[in-house]
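Using the numbering used here, the first residue of the sequence shown is number 3, and each one after it goes up by one.
C-beta atoms are modelled at their ideal positions from N, C-alpha and C, and glycine is treated no differently.
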Amino acid sequence: MNHRSLRRQGGIAIITAVAVAALVAALAAALAFRHNIWLRQVENQQDIAQARGVARSAIDLSRLTLQGDRRQNTYDHAREPWAIPIPDLPVERGHAGGRLRDAQGGFNLNNLINDSGVVSSGDLAAFQRLLTELNLSPDLANALLDWQDADSETRYPGGAEDREYLARTPAWRAANRRLFDLDELRQVQGFDDEVMKKLEPFVTVLPTQTAVNANFASTEVLLAVLPGLDRGTAQGLAQRVKTKPFESFEEMKGQLPDAAIGQAEGDRPLMNRISVETNYFYSDVDARFGRVSIAYRALLERSSDQVPRVVWMRRR
């Protein structure tokens, strides 16, 4: 074997060694990169779990706050301590904040079907008045009733049952139950984005029939739930509670004209349509832990001076 052949073989060996070293280095770098990604994923999962824990703790604090409020008084208004938003409070590796909001200042869309599954004629009339006040078609009330009631008979005008919904693309059926939340209303015939934008500030969705809290109600809602109430009085009441809320049902009733007091509708007497206390609240929480930010909303039910229960809790 001559020197040229030896040099050629040596060069090949060097190139092979360099290629192997480069391949090993590339594999090591890829493994290190995948390992770092895995570590980041584990850290993120831990941060998510911690952020959820912080959010749940903040909601529990809201529950205790509402329990303390009920033990101090039996009326609710926007000037109470619980209604003051909580700024971001520092926690380890993050912060948390949020606010409590009354959920009974608006008309409860689930009032249309009473707790026995029967249509509430008084609440149907109230919802139609609210729609008219907002320059929306009162026929929308029939569409919502068809969505909620158990039968398959379409109400006219404006109603829709399975037949109408199954003809759409994509197709779906009427729920035949009360609304779960306000977003579900978008599935009901006629409740498009324009309607929802007008309606959302004046309505709520709660699991049982509820009265409107007069200390949070707008002029439009007062006119809807109190037939016989004139606009001037409604505006005066909505303005008054901003500085001097009603402390009792009797005090609020004393400010109503006889026409509004004496006009009961269907199965909903005055004291079941309007009150000065709230049993349902929204707790909105924003939490950050490490690199993770998370936002939750919970519906809280307060039925006594016990700790309110969480009806539902979800990401927002």
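For residue j and residue i, believed in contact at Cβ under 8 Å, the rounded distance
{"i": "V223", "j": "L132", "result": "7 Å"}
{"i": "G160", "j": "R290", "result": "Wrong, their Cβ atoms sit about 46 Å apart, outside the cutoff."}
{"i": "N144", "j": "D125", "result": "That belief does not hold up - the Cβ atoms of N144 and D125 are roughly 13 Å apart, past 8 Å."}
{"i": "I61", "j": "Y282", "result": "Not a contact, Cβ separation roughly 14 Å."}
{"i": "E166", "j": "E155", "result": "Incorrect: roughly 12 Å between the Cβ atoms, too far for contact."}
{"i": "H79", "j": "P247", "result": "3 Å"}
{"i": "A57", "j": "A98", "result": "7 Å"}
Range of the contiguous alpha helix (DSSP H) that encloses residue i
{"i": "Q149", "result": "Reading off the sequence, residue 149 comes out as Trp, not Gln. Here the alpha helix (DSSP H) through W149 covers L142 to Q150."}
{"i": "G234", "result": "R233 to R242"}
{"i": "A176", "result": "Run containing A176: none; DSSP gives neither H nor E here."}
{"i": "A213", "result": "A213 -> no alpha helix (DSSP H), and no H or E assigned at all."}
{"i": "L132", "result": "S123 to E135"}
{"i": "A105", "result": "Where A105 is concerned, there is no enclosing alpha helix (DSSP H), given that its DSSP letter is neither H nor E."}
{"i": "D311", "result": "Checking the sequence, you will find Arg at residue 311 rather than Asp. Here R311 belongs to no alpha helix (DSSP H); instead the beta strand (DSSP E) covers R311 to R317."}
{"i": "F251", "result": "F251 to K255"}
{"i": "V227", "result": "T221 to V227"}
{"i": "R275", "result": "L272 to R275"}
{"i": "D195", "result": "D195 to L201"}
Residue environment, residue i, which counts as buried when at least 16 other CB atoms sit within 10 Å
{"i": "A105", "result": "buried"}
{"i": "G234", "result": "exposed"}
{"i": "T221", "result": "buried"}
{"i": "N217", "result": "buried"}
{"i": "P310", "result": "buried"}
{"i": "W84", "result": "buried"}
{"i": "D232", "result": "exposed"}
{"i": "D288", "result": "buried"}
{"i": "R180", "result": "buried"}
{"i": "A21", "result": "exposed"}
{"i": "A27", "result": "exposed"}
{"i": "A19", "result": "exposed"}
Among the options, nearest to residue i - alpha-carbon criterion
{"i": "L302", "options": "A216, R65, S295 and D183", "result": "R65"}
{"i": "Q69", "options": "R304, V312, I86 and W314", "result": "R304"}
{"i": "N137", "options": "K200, S154 and G100", "result": "K200"}
{"i": "R259", "options": "L225, G107 and I86", "result": "For the sequence presented, residue 259 should be read as Pro rather than Arg. If we check each option's Cα against that of P259, L225 comes out closest."}
{"i": "R157", "options": "P140, P172 and R180", "result": "P140"}
{"i": "S118", "options": "F109, D232 and P209", "result": "P209"}
{"i": "L91", "options": "N110, S59, V121 and A128", "result": "S59"}
{"i": "D185", "options": "N178, R179, R73 and E202", "result": "E202"}
{"i": "T280", "options": "I16, R72 and A53", "result": "R72"}
{"i": "Q47", "options": "V312, I296, Q308 and R316", "result": "I296"}
{"i": "T245", "options": "D153, A21, V93 and R81", "result": "R81"}
{"i": "G108", "options": "R317, D151, D288 and Y284", "result": "Y284"}
{"i": "L146", "options": "R36, V243 and V190", "result": "V190"}
{"i": "Q308", "options": "V227, T67 and A127", "result": "T67"}
{"i": "P87", "options": "L63, A19 and R36", "result": "L63"}
Distance, residue j Cα to residue i Cα
{"i": "R275", "j": "S250", "result": "14 Å"}
{"i": "R188", "j": "D194", "result": "6 Å"}
{"i": "R103", "j": "S306", "result": "18 Å"}
{"i": "R293", "j": "L168", "result": "45 Å"}
{"i": "V278", "j": "V214", "result": "8 Å"}
{"i": "A300", "j": "F204", "result": "19 Å"}
{"i": "Q237", "j": "Q211", "result": "25 Å"}
{"i": "Q241", "j": "A219", "result": "10 Å"}
{"i": "A176", "j": "F182", "result": "13 Å"}
{"i": "A24", "j": "I14", "result": "15 Å"}
{"i": "W314", "j": "L239", "result": "32 Å"}
{"i": "T134", "j": "D148", "result": "19 Å"}
{"i": "M273", "j": "M254", "result": "11 Å"}
{"i": "G100", "j": "I50", "result": "18 Å"}
{"i": "E196", "j": "Y77", "result": "35 Å"}
{"i": "D286", "j": "I115", "result": "28 Å"}
{"i": "N75", "j": "P229", "result": "29 Å"}
{"i": "R316", "j": "R54", "result": "11 Å"}
{"i": "V120", "j": "D151", "result": "8 Å"}
{"i": "P89", "j": "F129", "result": "36 Å"}
Chain C contact for residue i (CB, 8 Å cutoff)
{"i": "F251", "result": "You won't find chain C in this structure, because it holds only one protein chain."}
Element boundaries [beta strand (DSSP E), containing residue i]
{"i": "Y167", "result": "Counting along the chain, Y167 falls outside any beta strand (DSSP E), though it belongs to the alpha helix (DSSP H) covering D164 to L168."}
{"i": "D90", "result": "I88 to V93"}
{"i": "I263", "result": "Unbroken run through I263 is the alpha helix (DSSP H), D260 to I263; no beta strand (DSSP E)."}
{"i": "R290", "result": "Y282 to F291"}
{"i": "E303", "result": "V294 to E303"}
Proximity test, residue i beta-carbon vs the ligand FMN heavy atom, cut-off 7 Å
{"i": "T210", "result": "The ligand FMN is absent from the structure shown, which contains no ligands of any kind."}
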